[in-house]
Amino acid sequence: MVDLSSYEKLPISFYKNPDVVTIARQLVGKFLFTNIGGKLTAGKIVETEAYNGRDDRACHAFQKRTPRTEVMYAEGGRAYVYLCYGIHHLFNIVTNKEGLADAVLVRAVEPVIGIDIMQDRRGEKVKSHKLTAGPGTLTQALGITRSFDKVSLLEDQIWVAESHDEEIQIGVDRRVGVDYAGEDAKLPWRFFIEGNEFVSVKKRNP
DNA sequence: TCTAAGATGGGT
DNA sequence: CCCATCTTAGAA
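In the working numbering, the protein residues as written are 43 to 248.
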């Protein structure tokens with residue numbers, strides 16, 4: 043049994059910060075929990091990316107408000123989950139105040155709690171270092187699907203908890219897979235724990 | 001209605 | 001390198 047009292051759920055104020063890039067950096071090292079039908083899993087966030095709805099062409103909500111991106115316009119502290127390539131569920135954390143569509147994509151976590159559950163969800167053949175090393179694989183391991191879209195991170199189905207880690211080395215790089223965004227693809231808005239084996243893309247994109 | 005493209009991952 | 005797989009946004 044896991045002692046949850048040592049993990050403090052982040053408050054709403056954390057998510058309302060108007061600077062989504064700062065939030066993306068701050069989320070690295072924190073813990074992402076899900077509790078699905080009593081199955082508790084958690085991973086340390088080791089890689090994130092920031093997306094800004096006003097002046098970032100890589101953001102789904104850039105200069106538009108559609109049914110899919112509606113939740114990004116909500117007050118910070120909710121999940122934005124969408125299906126990518128018809129196959130993978132990608133998990134984002136909505137930030138900023140209502141009306142300003144920002145979000146942080148969680149790209150990788152390191153398994154911490156419920157590793158056996160994650161292994162079951164991913165399948166026996168998956169090696170441990172591949173268990174949660176990518177935005178589509180961590181959602182499978184944590185059981186995150188589109189039913190989590192719009193769900194509040196202040197409740198007990200999915201949430202982020204403070205870490206008491208000291209001295210992690212945070213690397214910065216351009217974001218992955220957003221070449222369609224032109225110049226904005228070069229923004230240094232990806233953050234990761236330097237040297238962590240679960241980071242999805244290790245080598246730098248110059 | 002129709003269609004192209006996509007914030008990926010796993011296999012060859 | 002190839003391709004699975006299906007929603008979404010935008011056009012017609």
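Beta carbons are placed, not taken as given, at the ideal position from N, Cα and C, and that holds for glycine. None of the values given here were measured: they were computed from a predicted structure.
Helix, strand or coil at residue i according to DSSP, with G and I counted as helix
i	result
residue 136	strand
residue 167	coil
residue 216	coil
residue 172	helix
residue 144	strand
residue 150	strand
residue 210	coil
residue 124	strand
Boundaries (first-last residue) of the alpha helix (DSSP H) holding residue i
i	result
residue 178	177-184
residue 66	62-69
residue 54	54-57
Residues near residue i by beta carbon distance below 6 Å, same chain, minus five either side
i	result
residue 67	233
residue 217	91, 231, 232
residue 236	211, 213
residue 111	102, 103
Span of the beta strand (DSSP E) around residue i
i	result
residue 232	232-235
residue 129	Note, residue 129: premise wrong, no beta strand (DSSP E); not H, not E.
residue 73	73-78
residue 87	81-94
residue 202	200-203
Nearest-angstrom beta carbon gap, residue j and residue i [assumed within contact, 8 Å]
i	j	result
residue 73	residue 203	4 Å
residue 121	residue 140	So it is not a contact: roughly 16 Å between Cβ atoms.
residue 242	residue 149	5 Å
residue 94	residue 123	So it is not a contact: roughly 19 Å between Cβ atoms.
residue 69	residue 146	6 Å
Cβ neighbours of residue i in the same chain (closer than 8 Å, five flanking residues each side left out)
i	result
residue 78	185, 199
residue 187	123, 131, 181
Residues near residue i in its chain [Cβ-Cβ closer than 7 Å; skip 5 each side]
i	result
residue 50	203, 204
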